[in-house]
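Under our numbering, the sequence shown is numbered contiguously, ending at residue 204. The beta-carbon is built from N, C-alpha and C at its ideal position, and this holds for glycine as well. Bear in mind that the values here come from a model prediction, so they are computed numbers and not experimental data. Reading through the structure tokens given below for one structure.
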Amino acid sequence: MVWMIIGLILFLLLFIIVMSKVNLILHYSYNNHIHCISVAIRLYGIQLLSIERKYENNREKDWLDTLMEIDIQEEVQSFQTDLKTFKHWMKQGTKLFKEAMQQINIKKLDWKTAIGTGDASSTGIVTGSLWMVKGTIIGALHEITNLNKQPSIEMIPNFQQKLLQSKIDCIVSIRIGKAIYMFLKVMRNFPVKKEAYI
7 MVWMIIGLIL FLLLFIIVMS KVNLILHYSY NNHIHCISVA IRLYGIQLLS IERKYENNRE
67 KDWLDTLMEI DIQEEVQSFQ TDLKTFKHWM KQGTKLFKEA MQQINIKKLD WKTAIGTGDA
127 SSTGIVTGSL WMVKGTIIGA LHEITNLNKQ PSIEMIPNFQ QKLLQSKIDC IVSIRIGKAI
187 YMFLKVMRNF PVKKEAYI
């Protein structure tokens with residue numbers, strides 16, 4: 007009788023764990039060659055893991071110089087073409103990857119970018135191009151994941167000075183049971199090759 011009760015309790019605990027949702031909280035910001043990223047994993051409001059990293063590289067090539075060296079319209083069109091190819095590839099032959107992505111729920115996505123080139127004309131062109139890129143990415147996310155809330159996307163042009171600032175806040179959730187199931191399915195379809203030693 008005691009073992010039955012213990013077994014029932016363990017079964018209930020396992021069921022609760024499998025049905026529980028784990029939240030992945032991501033924050034990324036960029037400002038003047040400084041990258042900051044933080045990742046946290048929470049379960050029922052309890053923080054299981056937290057990682058914060060800050061990376062600064064003043065030797066990076068100035069972003070405006072890089073921007074002026076490329077054809078913005080051509081790069082945006084190339085990006086959109088690559089994304090369409092990726093989505094077609096998913097629909098045609100990557101049923102497993104598509105199934106895995108559809109298990110992901112995006113509960114929050116805020117993406118704010120402020121940009122200025124120091125010139126009103128080029129600032130307008132760059133802002134419009136980045137709007138297109140962001141719109142394309144959000145459209146792809148609508149197709150391959152579950153967006154529980156409409157993303158908040160902002161583009162703030164600064165016509166007076168040269169700057170580039172960007173901030174992304176994202177909360178992603180997935181049921182532990184589904185994550186385990188997809189992991190096992192991937193391992194079954196893509197087994198690790200063992201090296202033979204003679």
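A contact is defined here as three or more CB-CB pairs under 8 Å, and the region 34-44 fails this definition with respect to the region 178-188. Annotated three-state conformation of K118 is strand, per DSSP. With a cutoff of 9 Å on beta-carbon distance, L169 and I144 are scored as not near each other.
With respect to the 9 Å criterion, F165 and A126 are classified as neighbours on the basis of their beta carbons. With contacts defined by Cβ atoms closer than 9 Å, I52 and S44 do not form a contacting pair.
Collapsing the DSSP output to three states places K60 in a strand.
In this structure, DSSP gives H148 a helical state, which the three-state scheme calls helix. Residue pairing for Y36: DSSP places it in a beta bridge opposite H41 and S172. Around A46, the same chain offers I31, Q53, L55 and S56 as residues with beta carbons nearer than 7 Å, after the five sequence neighbours per side are excluded. The Cβ atoms of P163 and G141 do not sit closer than 9 Å to each other. Counting along the chain, no alpha helix (DSSP H) covers M7, and no H or E run does either. According to the DSSP assignment, I162 belongs to the beta strand (DSSP E) that extends over S158 to P163.
Ranked by Cα distance from G124, the first of Q167, W137 and L147 is Q167. Within the same chain, Cβ atoms closer than 6 Å to the Cβ of Q171 are found at N37 and A120, the five residues on either side in sequence being excluded.
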